[in-house]
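**Q** Line by line, the protein sequences give chains A and E.
Take 1 as the starting number for the first sequence in my numbering and just add one per residue.
Take 1 as the starting number for the second sequence in my numbering and just add one per residue.
The beta-carbon is built from N, C-alpha and C at its ideal position, and this holds for glycine as well.
If you're wondering where the values come from, they're calculated on a predicted model, not measured in any experiment.
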Amino acid sequence: MTKEEKYQKLREIVTIYLPEDVKVEAIRRESHFINELNINSANLVDIVLDVEDAFDITLENEDMDQMQTVDDALQIIDKKLEAS
Amino acid sequence: MNFQDILANLPYAKPFLFVDELVDLNEEGAEGLFTFRKNSDFYQGHFKGHPVTPGVLLTECCAQIGLVCLGIYLLQQQQVFISGLQIGMSSSEMDFLLPVYPGERVRVISEKSYFRFNKLKCKVKMYNESGALVCKGVLSGMIKAMGDE
Numbered sequence: 001m002t003k004e005e006k007y008q009k010l011r012e013i014v015t016i017y018l019p020e021d022v023k024v025e026a027i028r029r030e031s032h033f034i035n036e037l038n039i040n041s042a043n044l045v046d047i048v049l050d051v052e053d054a055f056d057i058t059l060e061n062e063d064m065d066q067m068q069t070v071d072d073a074l075q076i077i078d079k080k081l082e083a084s
Numbered sequence: 001m002n003f004q005d006i007l008a009n010l011p012y013a014k015p016f017l018f019v020d021e022l023v024d025l026n027e028e029g030a031e032g033l034f035t036f037r038k039n040s041d042f043y044q045g046h047f048k049g050h051p052v053t054p055g056v057l058l059t060e061c062c063a064q065i066g067l068v069c070l071g072i073y074l075l076q077q078q079q080v081f082i083s084g085l086q087i088g089m090s091s092s093e094m095d096f097l098l099p100v101y102p103g104e105r106v107r108v109i110s111e112k113s114y115f116r117f118n119k120l121k122c123k124v125k126m127y128n129e130s131g132a133l134v135c136k137g138v139l140s141g142m143i144k145a146m147g148d149e
């Protein structure tokens, strides 16, 4: 999977959990999930669970703590895919 | 397993405690009982002259037994020391099938869907004393022991 494909796949997942007042266009690589995309902590868990299914990886609590932005998520996905 | 210990850790008090007794707790779910007190204030207004337990309180009862008691148990199983709790319900999707009248005792059974990254999601069912299904649904919430950063 190319970097762009991973990004698009992640975008699709994040889109599901965006609050109604945040547009899909607001999702950028540097977007902060909680502060900029207004995703709450419960929905951030849903995103992680969907990411696990979509990429067939398992995240740990430390990964969750580090996953602040879309870019952070992409890096964690890469790290997990390399290790698997 | 000490159920009293779980009840002691609940962050609720009268008049907003909706758990009397825990019957079962395990990795996969919880079961508990609560009797809606006949003389509760809210019956005076819900409804005027026709007291019925509000659906929000049935939901709350399901959440306290099914999510919070189970969540405390699961945290304890992970050897987390609990000095306090940060909790919040994040979603509820309930169907209400039968009315619950003042003085009725209900049984709540919850079944864990997952508990990950401090989010607990459960299927819950509430039964009345004759064993009929009163309400059912899916609840989720965040539950975290305080000081556990």
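#1: From Leu139 of chain E to Leu17 of chain E, what distance separates their C-alpha atoms?
#2: With 9 Å as the limit, tell me which residues of the region 15-48 of chain A have their beta carbon closer than that to any beta carbon of chain E; keep them in chain order.
#3: Mind checking if Lys119 of chain E is an interface residue toward chain A, Cβ cutoff 8 Å exclusive?
#4: Can you find the residues in the same chain that come closer than 8 Å, C-beta to C-beta, to Glu30 of chain A, ignoring five residues on each side of it along the sequence?
#5: Can the beta-carbon of Ala132 of chain E be found less than 8 Å from the beta-carbon of Leu98 of chain E?
#6: Can you check the region 85-142 of chain E for any beta strand (DSSP E) of at least 3 residues that lies completely inside it and give the ranges in chain order?
#7: Does chain A have any CB closer than 8 Å to the CB of Ser140 of chain E?
#8: Restricting to Cα atoms, I'd like to know which of A:Ser84, A:Leu37 and A:Ala73 is closest to Glu62 of chain A.
#9: Does any residue of chain A have a CB that is nearer than 8 Å to the CB of Arg116 of chain E?
#10: With 16 other CB atoms within 10 Å as the buried threshold, where does Ile65 of chain E fall?
#11: Roughly how many whole angstroms lie between the Cα atoms of Val117 of chain E and Phe42 of chain E?
#12: Closer than 7 Å between beta carbons: that is the criterion. Which residues of the region 57-81 of chain A meet it against chain E?
**A** According to the structure data:
#1: Roughly 18 Å separates the two Cα atoms.
#2: Asn40, Ser41, Ala42, Asn43, Leu44, Val45, Asp46 and Val48
#3: yes
#4: Thr69, Val70 and Asp71
#5: yes
#6: 85-96, 105-116 and 119-127
#7: yes
#8: A:Ala73
#9: Interface residue, yes.
#10: buried
#11: Sequence check: residue 117 of chain E is Phe here, not Val. Distance between the alpha carbons of Phe117 of chain E and Phe42 of chain E is about 36 Å.
#12: Asn61 and Met64
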